[in-house]
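Reviewing the structure listed below.
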Amino acid sequence: MTGTFGADERGTRTRLEAAKLHMKRFVFLKNLLNKRHEFGICTITSTTMWHLPLTSKKEEVFSAIDDITFENQVFKFWDASTIFQAIEEYLPASPSDFVLRVVLIYARSNVLPQMDRSCPEYLKFIEAGGVFDCVYLHDDQAPGNKVQTIYDFFTDLEIEGQSRVFDVSRLNKRFAAAMAQLLGHPRQRCPQKEAQYTLTSPSPTSSPRRRSLGDLFKLSD
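Count along the sequence shown from 1, then add 4; that gives the number in the working numbering.
Below, the structure written as structure tokens:
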């Protein structure tokens with residue numbers, strides 16, 4: 005996550021700084037909607053490792069997010085099957101029990117994930133009603149980069165039209181918008197290509213009141 009987003013009113017942020025900010029905002033708002041939501045964090049190198057097991061305590065999640073650091077190493081591959089191996093122990097016994105969702109923030113422009121889609125852990129994830137969402141942060145297309153191929157890999161993981169895959173390059177606002185769209189319950193949304201999202205503001209003549217999520221985002225999917 006060494007790349008940066010274009011400067012805005014808050015200056016320039018690295019991808020890691022922006023990811024931490026939007027992860028915290030996502031956790032805060034989901035926790036506000038339902039205190040029983042649980043969150044876990046994995047990090048990836050050439051494999052997938054647990055950084056924080058599932059918990060409903062948002063303070064622990066915030067602390068774990070703060071502790072994420074950039075690994076100054078070059079990884080030539082990522083075995084994507086390891087993310088499904090890591091979460092296998094948390095799969096619900098029945099899809100009706102709860103929804104286990106992966107929100108992957110991937111920021112490599114020249115490392116194509118590797119996975120056989122017939123791997124047992126991935127198939128178990130699908131059978132358990134799991135949902136896979138992805139926000140792909142990448143450099144501009146250039147020699148040596150595999151941006152389109154990587155994006156296609158993630159869209160191929162789409163599960164029955166339920167997944168969301170977002171393409172984000174240099175605009176932090178697009179990253180923020182993608183994370184906002186992921187706030188909705190994955191069982192209560194239409195296929196991504198049919199979704200429409202509109203940013204709204206309170207009327208200037210309306211009386212002051214506490215702002216809600218509805219004031220900030222009108223989500224019509």
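Positions of the beta carbon are idealized from the N, C-alpha and C atoms, including for glycine.
Practice task
Determine the closest residue to Leu56 out of Ile48, Gly148, Glu162, Phe43, with distance taken between C-alpha atoms.
Solution key: The residue labelled residue 56 in the question sits at position 52 within the sequence shown. Comparing C-alpha distances from Leu56 to each of Ile48, Gly148, Glu162, Phe43 shows the shortest one belongs to Phe43.
Exercise for the section: Within 10 angstroms of the Cβ of Asn176, are there 16 or more other Cβ atoms? Answer buried if so, exposed if not. Expected result: As a first step, residue 176 is located in the sequence shown; it is residue number 172 there, counting from the start. By the 16-neighbour rule on beta-carbons within 10 angstroms, Asn176 is buried.
Practice task
Would you decide whether Lys222 is buried or exposed? Buried here means 16 or more other CB atoms lie within 10 Å of its CB.
Solution key: Locating residue 222 in the sequence shown gives position 218, counting from the first residue. Legend: pLDDT at Lys222 = 37, less than 50; position of this residue unreliable, no value from coordinates given.
Practice task
Under the assumption that Glu125 contacts Ser85 (Cβ atoms under 8 Å), give the Cβ distance between them as a whole number of angstroms.
Solution key: Position 121 of the sequence shown, counting from 1, holds the residue named residue 125. Position 81 of the sequence shown, counting from 1, holds the residue named residue 85. With a Cβ gap of about 6 Å, Glu125 and Ser85 count as contacting.
Problem - Assigned exposure category for Asp137 - 16 Cβ within 10 Å defines buried - result: Position 133 of the sequence shown holds residue 137. It is buried - the Cβ of Asp137 has at least 16 other Cβ atoms within 10 Å.
Problem - For His142, the three-state DSSP class (helix, strand or coil) - result: Within the sequence shown, residue 142 is the residue found at index 138, counting from 1. It is coil, neither helix nor strand.
Exercise for the section: State yes or no: is the C-beta of Phe81 within less than 8 Å of the C-beta of Ser50? Expected result: The sequence position of residue 81 within the sequence shown is 77, counting from 1. The sequence position of residue 50 within the sequence shown is 46, counting from 1. In contact: Phe81 and Ser50 (Cβ atoms closer than 8 Å).
Exercise for the section: Following the continuous beta strand (DSSP E) through Thr47, name the residue where it begins and the one where it ends. Expected result: Here residue 47 corresponds to residue number 43 of the sequence shown, with the count starting at 1. Element bounds for Thr47: 43-48.
Practice task
Any chance you could list the alpha helix (DSSP H) runs of at least 4 consecutive residues sitting entirely within the region 41-122, in chain order?
Solution key: DSSP runs (the alpha helix (DSSP H)) wholly in the region 41-122: 62-70, 85-90.
Handout entry: Inter-residue Cα distance where the pair is Glu164 and Arg191
Key = Position 160 of the sequence shown holds residue 164. Position 187 of the sequence shown holds residue 191. Counting only the Cα atoms, Arg191 lies some 11 Å from Glu164.
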